[in-house]
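The block underneath contains the structure these notes are about, expressed in C-alpha cells.
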Amino acid sequence: MLAVVTAANMALAFTLVATRLISPLVPAGRDPEQPPARPDAETHRAVPGVRSFAAEADVTAAYERVAKVVGYAVLLVTAVIVAVSGLWPDAAPLIYVAVAVTGITIFTINDLIPRGWLGRARYPIEAAIAIAFVTVMVGATGGVRSPFFVGYYLIVTAAVLAASEGPAIFLGAGSAAALLVVAFVAPGVPAVGPEETARVAVELAGLILLAYLALVLVGEQRRARDAAVRLSLRDALTGLANRAALFRGIDREIQRAARTGRGFCLLMMDLDDLKPINDRLGHPAGDAVLRSAASSITATIRRVDMAARYGGDEFIVLLPETDPVGASIVAEKIRSTIATIALPAGKHLPTTASIGVVGFPGDGETADALMAAADSAMYTAKRLGKDRVVLAGSGPISVTVPRTEAPWSVPGSASGIASTDARPPGIRHAPGDRHQPLSSVADDDDERLRRAVESLLAGSEAGLGPSPGETDRAREIERAQERRAGTGDRPRPPLGSARDALTGLRSRAAWQRQVRAEHARSLRYRRPITAGLVDLDGLADLARRDGEETADRAVQVVGQVIRAESRASDLAGRLDVDRLGFLLPETDEAGAQSYLERIRASCQRWLASSRVPLDLAVGWGSPGPEGSLEPALVAAEERLRDDRHRRDRPSEAGRPRLH
Numbered sequence: 018m019l020a021v022v023t024a025a026n027m028a029l030a031f032t033l034v035a036t037r038l039i040s041p042l043v044p045a046g047r048d049p050e051q052p053p054a055r056p057d058a059e060t061h062r063a064v065p066g067v068r069s070f071a072a073e074a075d076v077t078a079a080y081e082r083v084a085k086v087v088g089y090a091v092l093l094v095t096a097v098i099v100a101v102s103g104l105w106p107d108a109a110p111l112i113y114v115a116v117a118v119t120g121i122t123i124f125t126i127n128d129l130i131p132r133g134w135l136g137r138a139r140y141p142i143e144a145a146i147a148i149a150f151v152t153v154m155v156g157a158t159g160g161v162r163s164p165f166f167v168g169y170y171l172i173v174t175a176a177v178l179a180a181s182e183g184p185a186i187f188l189g190a191g192s193a194a195a196l197l198v199v200a201f202v203a204p205g206v207p208a209v210g211p212e213e214t215a216r217v218a219v220e221l222a223g224l225i226l227l228a229y230l231a232l233v234l235v236g237e238q239r240r241a242r243d244a245a246v247r248l249s250l251r252d253a254l255t256g257l258a259n260r261a262a263l264f265r266g267i268d269r270e271i272q273r274a275a276r277t278g279r280g281f282c283l284l285m286m287d288l289d290d291l292k293p294i295n296d297r298l299g300h301p302a303g304d305a306v307l308r309s310a311a312s313s314i315t316a317t318i319r320r321v322d323m324a325a326r327y328g329g330d331e332f333i334v335l336l337p338e339t340d341p342v343g344a345s346i347v348a349e350k351i352r353s354t355i356a357t358i359a360l361p362a363g364k365h366l367p368t369t370a371s372i373g374v375v376g377f378p379g380d381g382e383t384a385d386a387l388m389a390a391a392d393s394a395m396y397t398a399k400r401l402g403k404d405r406v407v408l409a410g411s412g413p414i415s416v417t418v419p420r421t422e423a424p425w426s427v428p429g430s431a432s433g434i435a436s437t438d439a440r441p442p443g444i445r446h447a448p449g450d451r452h453q454p455l456s457s458v459a460d461d462d463d464e465r466l467r468r469a470v471e472s473l474l475a476g477s478e479a480g481l482g483p484s485p486g487e488t489d490r491a492r493e494i495e496r497a498q499e500r501r502a503g504t505g506d507r508p509r510p511p512l513g514s515a516r517d518a519l520t521g522l523r524s525r526a527a528w529q530r531q532v533r534a535e536h537a538r539s540l541r542y543r544r545p546i547t548a549g550l551v552d553l554d555g556l557a558d559l560a561r562r563d564g565e566e567t568a569d570r571a572v573q574v575v576g577q578v579i580r581a582e583s584r585a586s587d588l589a590g591r592l593d594v595d596r597l598g599f600l601l602p603e604t605d606e607a608g609a610q611s612y613l614e615r616i617r618a619s620c621q622r623w624l625a626s627s628r629v630p631l632d633l634a635v636g637w638g639s640p641g642p643e644g645s646l647e648p649a650l651v652a653a654e655e656r657l658r659d660d661r662h663r664r665d666r667p668s669e670a671g672r673p674r675l676h
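Numbering-wise (the numbering used here), the sequence shown opens with residue 18 and increments by one.
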C-alpha cells in the first residue's frame with residue numbers, strides 16, 4: 018500500500034513539474050491584431066539600474082517578514098493548544114522543548130546574526146528547522162491522525178513566496194518525504210491501516226497540488242511585476258534606460274563616490290540635424306537612426322556603464338570610476354561610430370553627434386549640477402561646429418580650440434576632443450577596469466600631472482620643452498633598457514605596490530602575482546593564454562628633447578588607451594619605465610596579435626593627433642608544451658625585437674618614424 022501511494026503521488030508530481038518545464042518551450046499564440054515586437058529594441062544589452070533587482074529584494078524582504086511573523090504565530094498557537102487541550106500529556110515536555118528551541122533559533126537567525134554571515138545558507142537552514150519541527154509535532158501527537166499535518170502546507174506556501182522555483186520544489190519534496198517517514202517509518206507510530214493510508218495519500222496529493230498552484234500563481238505575479246518594472250525604467254523605442262533609471266543610477270554613483278573616493282563621468286550627446294532626416298525621410302527613418310545610435314552606444318561602453326535616452330535625440334552615458342581622459346576616449350569612440358550609421362539607400366544626410374563630458378565632483382556635486390554642466394558642454398560642441406567632443410571644466414565654459422585645429426581628431430576626420438576650460442577637470446580617482454581613472458598622486462606631483470592632462474587634452478604645445486632637472490627620465494629609461502639587455506644594474510625603479518600612478522595599470526609586482534595565479538588557473542582548466550610585451554620606442558629621446566613631462570604624458574595616454582581597449586579579464590601592467598606587459602586569458606596567438614596591433618594603432622592615433630612622436634613595438638607568445646610561462650615571455654621578447662627591426666625603427670636611439 019505504501020508503494021502504491023508513493024508511486025501515485027510521484028507520478029502526479031512528475032506530471033506537474035514536466036508541465037512547468039515544457040510550457041516555456043511552447044510558443045504562446047499572438048493576437049493577430051497586435052504587431053510583432055521589434056527585435057532590435059528587445060535585444061539590447063541589459064542596462065545596469067533597469068533590472069528589477071531592487072524591487073525583487075524589497076518584495077522578498079516583505080515575504081520574509083510575513084513568514085517570520087507566521088512562524089512565531091504557529092509556535093505560540095501550538096504551545097497554547099497543547100497546554101489547554103491536555104490531549105498529549107506524555108508528549109507535552111518534548112513539544113514545549115521543540116517550541117522553545119525552534120523559536121530561539123528563528124530569533125537568532127533573523128534578528129541576532131547579521132544577514133551577510135550565513136548568506137544563501139540561511140534559507141535551507143530555516144527550511145530544515147521548520148520541517149524538523151513539524152515532523153516532531155506530527156510524530157508526537159498521533160502520526161497520521163495528528164492535527165499538525167497542516168504545518169507542511171504552511172512550509173510549502175512560505176517557501177514558494179520567499180524563495181525561487183527551484184528551492185521551493187526541493188522544499189516541497191522534503192516536506193513530502195518527511196510526511197511519509199512520520200506516517201509509515203517513524204518508531205512508536207501506530208500501525209497504519211487502509212483508512213490511514215488513504216488519508217496519507219490525500220494529504221500528500223494535496224501538498225503537491227498546493228505547491229504547484231502556488232508556484233504558478235507566484236511565478237506569474239513575479240513576471241508581471243518584473244515586466245512593470247522594466248517598462249517603468251526602460252525607453253520603449255531604443256531599449257535604453259529612461260530618465261527615472263538614469264537619475265537613480267547617478268544618485269547611486271554619487272553615494273558610491275562618497276564611500277570610496279572614486280568619481281565618475283557623464284557623457285551627454287545630441288544627434289546633430291535629426292530634424293532634417295525626419296522632415297525629408299519621415300519619422301520612421303528618424304526612429305531607425307535613434308535605435309541605431311542606441312545600438313552604437315551600447316556596443317561601445319562596458320557592462321557596468323549605463324546608457325539612457327534623456328529625451329528626443331539626446332542620450333546620456335554614465336561611466337563609473339572613469340576620469341575625463343578615459344571618458345573623452347569613450348566619447349570619441351561613440352562619436353566616430355555614430356558617424357557611420359547608414360541611412361536608406363540613395364540618402365546621404367549626415368548622422369553625427371555632439372558630446373559633452375563632465376566629471377564628478379569637479380563639474381558638480383549633485384545630479385542636477387552635473388546635468389547642467391553636461392548640457393553646457395554639449396551645446397558648446399554644437400557652437401564649435403557639431404560632430405565633436407567637448408570636455409567641460411570646473412569653471413565657466415570657454416571655447417579654446419577652434420574646429421580647424423582639433424588636436425584629438427582621428428586622422429582623416431574633421432572632428433575631435435576639445436577642452437572647454439583652461440583649468441583642469443578637477444577629478445582624480447583610483448584605477449580600475451578598462452577605461453578607468455588614474456591613481457591619486459602625491460600633492461607635490463599634482464600640479465605637474467594636472468598640467469599634463471590639461472595640455473594633453475587641449476593639444477597645447479606651450480611649455481613642453483625641457484627644463485632643468487627634467488632629463489632624468491631619459492637616463493632612467495636607458496638604465497631600464499640596459500637591464501633588459503643584461504648590461505645594467507639589476508635593481509629596478511619602484512612602480513608601486515598595486516597600481517602604477519601614471520598609467521593606472523598594475524604595477525610590476527601586482528602584475529607578476531596575478532599572472533602566476535591566472536597561469537595556474539589556465540593549467541587547471543586547460544584554457545589557452547598568451548603573453549604580450551609592448552615597448553615605448555623613442556621615449557628616452559622624447560624625454561631629452563621635449564622634457565620629462567611630455568614623456569610622462571605620452572605614457573599616461575598609452576595607459577588610458579589600453580584600459581579603454583582591454584577586456585575585464587585581461588591583465589595589463591607597467592613592468593618598467595618604457596615597457597608594458599600583458600597576459601590575455603582564453604586567447605590564442607592570433608587573437609593576441611590582433612589585440613596588440615589594435616592597441617598600437619589606437620595609441621599611435623591618439624599620440625599623433627597630440628603631436629607626440631612616440632611609437633610602440635609589440636610581441637606575443639604562448640606557453641610551451643609543458644605549460645611553462647617562460648617560453649611565452651621569451652617568444653614575446655623575440656617577436657618584439659623582430660617587430661622593431663622589421664618596421665625599420667631604431668631600438669632606442671633616434672627619433673622614431675611615424676606612419
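Glycine included, every Cβ here is placed at the ideal spot set by N, Cα and C.
Worksheet item: Got a sec: does the ligand ZN put a non-hydrogen atom nearer than 8 Å to the Cβ of L631?
Response: As far as ligands go, the structure on display features none, and thus does not contain the ligand ZN.
Discussion item. Judging by CA-CA distance, which residue of A607, I267 and T383 is the nearest neighbour of L336?
Written reply: Of A607, I267 and T383, the smallest CA-CA separation from L336 is found for I267.
Fill in: Residues of its chain near G486, where Cβ-Cβ distance is below 7 Å and the 5 sequence neighbours each way are ignored
Note that G486 scores a pLDDT of 41, beneath 50, so its modelled location is shaky and nothing firm can be said.
Worksheet item: Per DSSP, what kind of secondary structure is A589 in: helix, strand or coil?
Response: Residue state for A589 is assigned as strand, using DSSP reduced to three classes.
Worksheet entry | Distance, V101 Cα to V161 Cα | Rounded to the nearest angstrom, the two C-alpha atoms are 22 Å apart.
Worksheet item: Can you tell which of I358, L250 and A193 has its C-alpha closest to the C-alpha of L291?
Response: Nearest to L291 by alpha-carbon distance, out of I358, L250 and A193, is I358.
Discussion item. Suppose you measure from the CA of P378 to the CA of R279; what does that come to, to the nearest Å?
Written reply: Each residue's alpha carbon lies about 9 Å from the other.
Worksheet item: Grouping DSSP H, G and I as helix and E and B as strand, with all else coil, what is V321?
Response: When DSSP states are grouped into helix, strand and coil, V321 belongs to the coil group.
Fill in: CA-to-CA distance, S163 to A193, given in whole angstroms
Whole-angstrom Cα-Cα distance: 15 Å.
Discussion item. Using 8 Å as the cut-off, can you tell me whether the segment 383-390 makes contact with the segment 292-310, which would need three or more C-beta pairs spanning the two stretches below that distance?
Written reply: The segment 383-390 is not in contact with the segment 292-310.
Worksheet item: What does DSSP give as the partner residues of S371 in its beta bridges?
Response: Looking at the DSSP assignment, S371 forms a beta bridge with D287.
Worksheet item: In whole angstroms, what is the alpha-carbon distance linking R677 and L283?
Response: The requested residue 677 is not part of the displayed model; the chain covers only 18 to 676.
Discussion item. Suppose contacts are defined by Cβ-Cβ distances below 9 Å. Is V406 in contact with A391 by that definition?
Written reply: For the 9 Å CB-CB criterion, V406 and A391 do not form a contact.
Discussion item. Could you tell me the alpha carbon to alpha carbon distance between A653 and G598, rounded to whole angstroms?
Written reply: Each residue's Cα considered, the two are about 10 Å apart.
Fill in: D660 burial status per 10 Å Cβ neighbour count (16 or more: buried)
Buried is the call here.
Discussion item. Taking the straight line between their C-alpha atoms, what separation do you get for G120 and I146?
Written reply: One C-alpha to the other measures close to 10 Å.
Discussion item. Whole angstroms are fine: how far does the CA of V235 sit from the CA of G156?
Written reply: Distance between the alpha carbons of G156 and V235 is about 31 Å.
Practice prompt. Run the CB neighbour count on I130, radius 10 Å, all protein chains shown included, and call it buried at 16 or more, exposed below.
Written response: Counting Cβ neighbours within 10 Å, I130 comes out exposed, since fewer than 16 surround it.
Discussion item. Let me make sure I understand the geometry here. Which of L298, P602, D296 and A325 has the alpha-carbon closest to that of A310?
Written reply: Cα-wise, what sits closest to A310 is A325.
Worksheet item: Ends of the beta strand (DSSP E) at E331?
Response: Per DSSP, E331 belongs to the beta strand (DSSP E) from E331 to P337.
Discussion item. If distances are taken between C-alpha atoms only, which option among R265, V116, R544 and V334 comes closest to A316?
Written reply: Comparing Cα positions, the closest option is V334.
Worksheet item: Nearest to V532 by CA position, among L221, D330 and P602, is which residue?
Response: The shortest C-alpha separation from V532 is found at P602.
Fill in: Environment of Q238 [buried if 16+ CB atoms lie within 10 Å]
Its Cβ having fewer than 16 others within 10 Å, Q238 is exposed.
Item to complete: Return the CA-CA distance between D552 and G329, expressed in angstroms with no decimal places.
Response: Separation of D552 and G329 (C-alpha to C-alpha, rounded to the nearest whole angstrom) is 46 Å.
Worksheet item: What do you reckon, are the CB atoms on G636 and G521 nearer than 9 Å?
Response: Judged by beta-carbon spacing, G521 lies beyond the 9 Å limit of G636, meaning their Cβ atoms are not closer than that value.
Worksheet item: From L519 to R544, what distance separates their C-alpha atoms?
Response: Distance from the CA of L519 to the CA of R544, rounded to the nearest whole angstrom, comes to 32 Å.
Worksheet item: Who pairs with I546 in a beta bridge, going by DSSP?
Response: According to DSSP, I546 bridges with P602.
Worksheet item: Closest Cβ-Cβ distance between L129 and chain B: below 9 Å?
Response: Note that chain B does not occur in the displayed structure, where there is just one protein chain.
Discussion item. Tell me which residue opens and which closes the alpha helix (DSSP H) that L227 is part of.
Written reply: Secondary structure note for L227: its alpha helix (DSSP H) is the uninterrupted segment P211 to L250.
Worksheet item: Near G641, which residues of its chain fall below 6 Å by C-beta distance, leaving aside the five closest residues on each side in sequence?
Response: The residues are P648.
Worksheet entry | Residue burial classification, Q621 (beta-carbon count within 10 angstroms, cutoff 16) | In summary, Q621 is buried, with 16 or more beta-carbon neighbours lying within 10 Å of its beta-carbon over all protein chains present.
Worksheet item: Alpha carbon to alpha carbon, how far is A190 from P141?
Response: When rounded, the distance between both Cα atoms is 13 Å.
Fill in: Alpha-carbon spacing of Q529 relative to R523, whole angstroms
When only Cα atoms are considered, Q529 and R523 end up about 9 Å apart.
Discussion item. Taking 8 Å as the limit between beta carbons, can you name the residues of its chain near A571, skipping five residues before and five after?
Written reply: So the list reads L553, L556, L559, L624, V629 and L631, once near-sequence residues are dropped.
Worksheet entry | C-alpha distance - A607 paired with A274, whole-angstrom precision | Cα-Cα distance, rounded: 39 Å.
Worksheet item: Quick one: what does DSSP say G160 is sitting in, helix, strand or coil?
Response: DSSP, read as helix, strand or coil, puts G160 in helix.
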